[in-house]
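If you read the sequence shown in numbering that gives the first Met the number 0, its first letter stands for residue 0, the second for the next number, and so on.
Just so it is clear, CB atoms sit at the ideal spot from N, CA and C, and this is done for glycine as well.
Structure first, commentary second.
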Amino acid sequence: MPTTRRYLMCAPTYFEVAYSINPWMDPTKPVDHDLVLAQWQKLHDTYAELGHKVETIEPQPGLPDMVFAANSATVIDGRVLGARFRAAERAPEADHYRRWFNENGYHNVVMPTCINEAEGDFAWTGRYLLAGTGFRTDPGAHAEAQEVLGVPVVSLHLVDPRYYHLDTALFVLNEDEPNVAYYPEAFSEGSQRVLRRLFPQAVIATAEDAETFGLNAVSDGRNVILPTESTSLAAQLATRGYEPIFVDISELKKSGGGPKCCTMEIRG
Ligand code: ARG
0 MPTTRRYLMC
10 APTYFEVAYS
20 INPWMDPTKP
30 VDHDLVLAQW
40 QKLHDTYAEL
50 GHKVETIEPQ
60 PGLPDMVFAA
70 NSATVIDGRV
80 LGARFRAAER
90 APEADHYRRW
100 FNENGYHNVV
110 MPTCINEAEG
120 DFAWTGRYLL
130 AGTGFRTDPG
140 AHAEAQEVLG
150 VPVVSLHLVD
160 PRYYHLDTAL
170 FVLNEDEPNV
180 AYYPEAFSEG
190 SQRVLRRLFP
200 QAVIATAEDA
210 ETFGLNAVSD
220 GRNVILPTES
230 TSLAAQLATR
240 GYEPIFVDIS
250 ELKKSGGGPK
260 CCTMEIRG
């Protein structure tokens, strides 16, 4: 069953690929600015049409990756754990988001001491927090998240630099009966065994699904927003009773981002 969600997004007003901190980013390749604005607006409007509440934060000049709202906080049961970015270029984003929470009634935002790229590497299943490490978020941030958020954390190791954040390799389909979709090869052997043990019914994505950023999807328990090219993953989801909804992310992908990266979920 779909449940109504609350999301925080940031328009790509200042979006560009000005530096390279993941294998998808090539600063010599042009970005179509009007197109990225239209793609973002379409994603925003799709959530609104599904009945979700979408909040926005003011974009800041000089922070081209601020559009990737998912990286700036993890919110569960109204507790907010902020972010600490690995790349100096993104570091100032964390404080803008902290301020947004403070101004919107969240007065106990905890800022992490370890490198922590928030929902980029944290996925809430409804029972535990899946936590990625290997490229961005420090393993120490997993313990910190468990303590601050008061939820059990399961650490997972990412091994493929193209899938540098957990949310490029896995997403949560359903929280009632926790289930996920993921691309096994993005994870270490041991983490693959953990995922098989936790989610015997998981949707297993192909290399093509992963390359098209199909795992950077957003599910409300029924509707799954995913990139236009992720057709085989969409077909698998449809056979499981989910409703795939396609969005074009060509410009965002030039920065290594997709629908989920642009979408922070505020829980409680
Ligand atoms: N250019 C950004 C970076 O490399 C993209 C972040 C995408 N966000 C995400 N949640 N995966 O940091």
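Along the length of the segment 188-261, whole alpha helix (DSSP H) runs at least 4 residues long occupy 188-197, 206-210, 230-238, 249-252, reported in chain order. Closest by C-alpha distance to ASN178, out of LEU197, GLN40, SER190, is LEU197. The DSSP assignment places 152-156, 169-173 as complete runs of the beta strand (DSSP E) inside the segment 143-173, in order along the chain (cut-off: 3 residues). Annotation for VAL217: ILE224, PRO258, LYS259, THR262 place their beta carbon closer than 6 Å to its own, counting only its chain and skipping 5 residues before and after. At a threshold of 7 Å, ILE20 counts as near the ligand ARG, since its beta carbon sits closer than that to one of the ligand's heavy atoms.
Burial is judged here by how many other beta carbons sit within 10 angstroms of a residue's own beta carbon; LYS28 has fewer than 16 and is exposed. Selection THR167, ARG266, SER187 evaluated against PRO226 yields THR167 as nearest (Cα-Cα).
Comparing C-alpha distances from VAL79 to each of ALA86, GLY50, PHE100, ILE244 shows the shortest one belongs to PHE100. For the options PHE186, VAL66, PRO26, ASN21, the alpha carbon positioned closest to that of GLN40 is the one of VAL66. Check the Cα spacing between VAL16 and each of ARG89, ARG135, GLU184, GLY131: the tightest is with ARG89. Excluding sequence positions up to five before and after GLU143, its CB lies within less than 8 Å of the CB of LEU80, PRO111, THR112, CYS113, ASN115, all in the same chain and listed in chain order. Here the alpha carbon of VAL108 sits roughly 21 Å from the alpha carbon of LEU62. Not one heavy atom of the ligand ARG falls within 7 Å of the beta-carbon of GLY213. By the C-beta density criterion, GLY133 is buried, having at least 16 other C-beta atoms within 10 angstroms. For LEU236, same chain residues with a beta-carbon under 6 Å away, outside a window of 5 residues either side, are VAL223, PRO243 in chain order.
Look at CYS260: its beta carbon is less than 7 Å from one of the heavy atoms in the ligand ARG.
Going by DSSP, ARG98 is part of the alpha helix (DSSP H) stretching over 92-102. DSSP places LYS52 inside the beta strand (DSSP E), whose first and last residues are 52-56.
8 Å or more divides the Cβ of LEU128 from the Cβ of LEU169. For ALA180, the enclosing beta strand (DSSP E) starts and ends at 178-181. In the displayed model, LEU49 falls within coil according to three-state DSSP, outside both helix and strand. Where THR124 is concerned, there is no enclosing beta strand (DSSP E), because DSSP gives it neither an H nor an E. Residue burial annotation: SER254 is buried, with at least 16 other C-beta atoms found within 10 angstroms of its C-beta. In the three-state scheme derived from DSSP, where H, G and I count as helix and E and B as strand, ASN21 is classed as coil. Annotation: VAL66 is outside any beta strand (DSSP E) and is labelled neither H nor E by DSSP. In the assembly as shown, GLY77 is an exposed residue. Its beta-carbon has fewer than 16 other beta-carbons within 10 Å.
For TYR6, the enclosing beta strand (DSSP E) covers residues 5-9. The DSSP-derived three-state label of VAL79 is strand.
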